[in-house]
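**Student:** Structure in structure tokens, see below.
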Amino acid sequence: MGAAGQFDGLQQPRQQQPGPPAQMLPVHAHAAASQSPHPQPQLPQQQTPQKQQPAPQQPLSQPQSHQRSVKRPRPVKSCTECRKRKLRCDRLCPCSQCQKSNRACKYSADADGQPDSDVSDVEAAEPGRPSKRNCPPGTAPSVTSTTGEPGSLAAAVAAAKNGDGAGLPLLEELSLRMERLEKQVMVRSPAGTDLSAGRVVAGTVDTIRGLSVKNGAKRTRFFGQGSSRVMLNLFDDAKVFIQQHQTIAGGREILSDFRAAHHFMHENYAQALTPISVFVDSMMPVQKRMTDILPPKDVCDRLVTSYVDSSETIYRILHIPSFMEQYNMYWGGKQQAESFLPQLLAVLSTASRFETKSKGILHERVDGVHNPTSCALVRSWLDSLKGKQRVEFASLQVEVLLLHAQRMVTQRTNELWAQLGYIVRSAMSMGLHRDPSEFGPRMTIFQSELRRRLWFTILDIDVHLSIALNMPTSAD
Numbered sequence: 001m002g003a004a005g006q007f008d009g010l011q012q013p014r015q016q017q018p019g020p021p022a023q024m025l026p027v028h029a030h031a032a033a034s035q036s037p038h039p040q041p042q043l044p045q046q047q048t049p050q051k052q053q054p055a056p057q058q059p060l061s062q063p064q065s066h067q068r069s070v071k072r073p074r075p076v077k078s079c080t081e082c083r084k085r086k087l088r089c090d091r092l093c094p095c096s097q098c099q100k101s102n103r104a105c106k107y108s109a110d111a112d113g114q115p116d117s118d119v120s121d122v123e124a125a126e127p128g129r130p131s132k133r134n135c136p137p138g139t140a141p142s143v144t145s146t147t148g149e150p151g152s153l154a155a156a157v158a159a160a161k162n163g164d165g166a167g168l169p170l171l172e173e174l175s176l177r178m179e180r181l182e183k184q185v186m187v188r189s190p191a192g193t194d195l196s197a198g199r200v201v202a203g204t205v206d207t208i209r210g211l212s213v214k215n216g217a218k219r220t221r222f223f224g225q226g227s228s229r230v231m232l233n234l235f236d237d238a239k240v241f242i243q244q245h246q247t248i249a250g251g252r253e254i255l256s257d258f259r260a261a262h263h264f265m266h267e268n269y270a271q272a273l274t275p276i277s278v279f280v281d282s283m284m285p286v287q288k289r290m291t292d293i294l295p296p297k298d299v300c301d302r303l304v305t306s307y308v309d310s311s312e313t314i315y316r317i318l319h320i321p322s323f324m325e326q327y328n329m330y331w332g333g334k335q336q337a338e339s340f341l342p343q344l345l346a347v348l349s350t351a352s353r354f355e356t357k358s359k360g361i362l363h364e365r366v367d368g369v370h371n372p373t374s375c376a377l378v379r380s381w382l383d384s385l386k387g388k389q390r391v392e393f394a395s396l397q398v399e400v401l402l403l404h405a406q407r408m409v410t411q412r413t414n415e416l417w418a419q420l421g422y423i424v425r426s427a428m429s430m431g432l433h434r435d436p437s438e439f440g441p442r443m444t445i446f447q448s449e450l451r452r453r454l455w456f457t458i459l460d461i462d463v464h465l466s467i468a469l470n471m472p473t474s475a476d
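Going by full-length UniProt numbering, the first residue of the sequence shown is number 1, and it counts up by one from there.
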């Protein structure tokens, strides 16, 4: 009994000395806490401010906080219009969707104080759920303050330093906004305004280009801006009349008369552009045939002077003093270079288009030359060249002169565009696309200047033909 009484006396203090409650435990009672077998984890509770005491009770009463910590808000990068219409935005300023619809492209950073939200425009947000973009006051800057007030940015940095989980998304959001503004500044022109930055007026597809598809897409043809088929789209009344001429009173007869007149003019013009078979199909040497087609000297003098005063001032193809020296020696009976006669015939063909009554397309060669026949003879001479003769500078001059003469009369501009591509590549193979100064003293100043002028002329003609056909240039 004595031992039992002692044992009961030892257990009695354990039952009569329970640990004090956490609310009644003083702050500095470290000794008593260390003696307790189960220390309470709520000791540092009184170190926090009094206004933040209800914070641990929120997970029990408000489940929204748990959802907010799980769902992380995504930064809004698309523009306001694309988000509203649920379109894919390329995040440019202006974006492609706003350009197509001719709308003012605006991002959320440019809005007037409207907070960003990832809530769908169709589904309304829950009334008890705060917006993902609505941050606590004093820590998050408003949307309009993208440049940032110092107090808001300092509050966000302080929150991140103190370990507040809401501070890190704020810093990420601010960095994303700053990156978006930098991209917008880089895209916009320095001299751009509100009128020129986001409104790009582009022509419709019908007025820019036209593709003719026939025979099950086995025969296609691309028409440029200068084509009558494309220009017809600019005149709605004429287009409607042609499409509905059968239902209009007298429309069928009018259109039938137009077709007959067009067919008659087309046949006459095609006959005028046919080369004279006596000169083209002859078995005589091409140099002899070119000599026979030349007009008298006084007519040649007038045509050469007209060419020098008109075309040569725009397209610098020949060196006029050298050409005139060879011209005078030719009429003096002295033998000239083989390339002189083709050059002279191409010059006369170009001038005959403007300085003669026949306009260079009639077979009467009293005051000029027949342009199609002259061009056919020059082409025959170029086709007869072999080997290194094709890469001579004089041969390239003849090619450009022939192209210029054919432009005066031909209706098939697409064929000239293809021929010009061959000329551009021939000039590149001769090195005309490189500045002559790169070749050093092997090339004289005179030859260097001739090469520069001819190359610039080729580029000029290339641009003109490409614009007429709405095609890319052959030389970049």
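C-beta atoms are modelled at their ideal positions from N, C-alpha and C, and glycine is treated no differently.
1) By a C-beta neighbour count over all protein chains shown, 10 Å radius and 16 as the cutoff for buried, is S228 buried or exposed?
2) Where do the ends of the alpha helix (DSSP H) carrying R452 lie?
3) Between the alpha carbons of A249 and R103, how many angstroms are there, rounded?
4) Assuming R259 is part of the alpha helix (DSSP H), what are its boundary residues?
5) Determine, using beta carbons only, whether S466 and S395 come nearer to each other than 8 Å.
6) Is the Cβ of L403 closer than 8 Å to any Cβ of chain C?
7) Can you tell me which of the three DSSP states T350 falls into?
8) Would you kindly report the start and end of the unbroken alpha helix (DSSP H) that includes R83?
9) Quick one: using the 10 Å Cβ neighbour count with 16 as the cut-off for buried, is R133 buried or exposed?
10) Taking its Cβ as the centre, do 16 or more other Cβ atoms sit within 10 Å of M290, making it buried, or is it exposed?
11) List in chain order: all unbroken alpha helix (DSSP H) runs of 4+ residues lying wholly within the stretch 305-380.
12) Tell me the rounded alpha-carbon separation between S78 and R252.
13) What is the residue span of the alpha helix (DSSP H) that R229 lies within?
14) Can you confirm whether the stretch 368-382 touches the stretch 395-410 when touching is taken to mean that 3 or more C-beta pairs between the two stretches lie within less than 8 Å?
15) Whose C-beta lies closer than 8 Å to the C-beta of G368 among residues of the same chain, with five residues either side of it excluded?
16) Report, in whole angstroms, the separation of the C-beta atoms of K100 and T80, which I expect to be a contact under 8 Å.
17) Can you list, in chain order, the residues of its chain with a C-beta nearer than 8 Å to that of H245? Leave out the 5 residues immediately preceding and following it.
18) When the Cα of L344 is compared with those of E364, R390, F323, which residue comes out closest?
19) Do you know offhand how far residue 481's Cα is from I423's?
20) Return the first residue and the last residue of the beta strand (DSSP E) that T220 is part of.
21) Could you tell me if D462 is buried or exposed, where buried requires 16 or more neighbouring beta carbons within 10 angstroms of its beta carbon?
22) Please confirm whether any heavy atom of the ligand GTP lies closer than 7 Å to the CB of S212.
23) Hey, would you say P275 sits closer than 8 Å to T373, going by beta carbons?
24) Determine the extent of the alpha helix (DSSP H) in which H404 is found, giving its start and end residues.
25) Strictly by DSSP, which residues pair up with K297?
26) Which residues does DSSP pair with S212 in a beta bridge?
27) DSSP three-state label for M283, please.
28) Please report how far the alpha carbon of H262 lies from the alpha carbon of H363, in whole angstroms.
29) In three-state terms, what does DSSP make of P75?
30) Could you tell me the alpha carbon to alpha carbon distance between K386 and S474, rounded to whole angstroms?
31) Which residues in the same chain as C82 place their Cβ atom closer than 8 Å to its Cβ, once the five residues preceding and following it in sequence are excluded?
32) Rank L170, A272, R316, G216 by C-alpha distance to the C-alpha of L459 and give the top, closest one.
33) Can you look up Y107 in the DSSP assignment and give me helix, strand or coil?
34) Could you check how far apart the C-beta atoms of L234 and F222 are, in whole angstroms? I think they sit under 8 Å.
35) With DSSP as the reference, label A475 as helix, strand or coil.
**Tutor:** Put simply:
1) Translated into positions along the sequence shown, residue 228 becomes position 228. Classification for S228: exposed.
2) Your numbering for residue 452 matches position 452 in the sequence shown. From DSSP, the alpha helix (DSSP H) with R452 extends over 445-469.
3) One-based indexing of the sequence shown puts residue 249 at position 249. One-based indexing of the sequence shown puts residue 103 at position 103. Whole-angstrom Cα-Cα distance: 44 Å.
4) Position 259 of the sequence shown, counted from the start, is the residue given in the question as residue 259. Run containing R259: 251-272, per the alpha helix (DSSP H) assignment.
5) By 1-based counting over the sequence shown, the position of residue 466 is 466. By 1-based counting over the sequence shown, the position of residue 395 is 395. In this structure, S395 does not lie closer than 8 Å to S466 by Cβ.
6) Among the chains in the structure shown there is no chain C, since it carries only a single protein chain.
7) Your numbering for residue 350 matches position 350 in the sequence shown. Reduced to three states, the DSSP call for T350 is helix.
8) Residue 83 sits at position 83 when you count from the first residue of the sequence shown. First-last of the alpha helix (DSSP H) with R83: 80-85.
9) The residue you call residue 133 lines up with position 133 of the sequence shown. Because R133 carries a pLDDT of 38, less than 50, the predicted location of this residue cannot be relied on, and no value is offered for it.
10) Counting from 1 along the sequence shown, the entry for residue 290 is found at position 290. M290 comes out buried.
11) 320-331, 340-355
12) Within the sequence shown, residue 78 is the residue found at index 78, counting from 1. Within the sequence shown, residue 252 is the residue found at index 252, counting from 1. If you take the alpha carbons of S78 and R252, they lie about 55 Å apart.
13) Position 229 of the sequence shown holds residue 229. Taken as a continuous stretch (DSSP letters only), the alpha helix (DSSP H) holding R229 covers 228-231.
14) yes
15) Stepping through the sequence shown from its first residue, residue 368 is reached at position 368. So the qualifying residues of the chain are P295, V299, L303, L348, A351, S352, E355, T356, S358, G360.
16) Stepping through the sequence shown from its first residue, residue 100 is reached at position 100. Stepping through the sequence shown from its first residue, residue 80 is reached at position 80. With a Cβ gap of about 16 Å, K100 and T80 do not count as contacting.
17) In the sequence shown, the residue the question calls residue 245 occupies position 245. Closer than 8 Å at Cβ, skipping near neighbours: G251, R252, I254, L255.
18) In the sequence shown, counting from the first residue as 1, residue 344 sits at position 344. Residue F323 is the option with its Cα nearest to L344.
19) Since the first and last residues shown for the chain are 1 and 476, residue 481 lies out of range.
20) Start at 1 with the first residue of the sequence shown, and residue 220 comes out as number 220. T220 -> beta strand (DSSP E) spans 219-223.
21) In the sequence shown, residue 462 corresponds to position 462, counting from 1. Its Cβ being crowded by 16 or more others within 10 Å, D462 is buried.
22) Among the components modelled here there is no ligand, and therefore nothing to report on the ligand GTP.
23) As a position in the sequence shown, residue 275 is number 275, starting the count at 1. As a position in the sequence shown, residue 373 is number 373, starting the count at 1. In this structure, T373 lies closer than 8 Å to P275 by Cβ.
24) Stepping through the sequence shown from its first residue, residue 404 is reached at position 404. It spans 393-406 - the alpha helix (DSSP H) in which H404 sits, taken as one unbroken run.
25) In the sequence shown, counting from the first residue as 1, residue 297 sits at position 297. According to DSSP, K297 bridges with nothing at all.
26) Along the sequence shown, read from residue 1 onward, the residue named residue 212 stands at position 212. Paired residues: R221.
27) As a position in the sequence shown, residue 283 is number 283, starting the count at 1. Three-state result, M283: coil.
28) What you label residue 262 is simply residue 262 of the sequence shown in a count that begins at 1. What you label residue 363 is simply residue 363 of the sequence shown in a count that begins at 1. Rounded to the nearest angstrom, the two C-alpha atoms are 22 Å apart.
29) In the sequence shown, the residue the question calls residue 75 occupies position 75. Looking at P75 - three-state DSSP - the assignment turns out to be coil, as it is neither helix nor strand.
30) If you number the sequence shown from 1, residue 386 lands on position 386. If you number the sequence shown from 1, residue 474 lands on position 474. So the two alpha carbons sit approximately 25 Å from each other.
31) Here residue 82 corresponds to residue number 82 of the sequence shown, with the count starting at 1. Counting only Cβ-Cβ distances below 8 Å, and skipping sequence neighbours, we find R88, C89, C95, Q97, C98.
32) In the sequence shown, residue 459 corresponds to position 459, counting from 1. Residue R316 is the option with its Cα nearest to L459.
33) Mapped onto the sequence shown, residue 107 falls at position 107. In the structure shown, Y107 sits in coil (DSSP, three-state: anything other than H, G, I, E or B).
34) Counting from 1 along the sequence shown, the entry for residue 234 is found at position 234. Counting from 1 along the sequence shown, the entry for residue 222 is found at position 222. At roughly 18 Å, the Cβ-Cβ gap does not stay under 8 Å, so L234 and F222 are not in contact.
35) The residue you call residue 475 lines up with position 475 of the sequence shown. Of the three classes helix, strand and coil, the one that applies to A475 here is coil, per DSSP.
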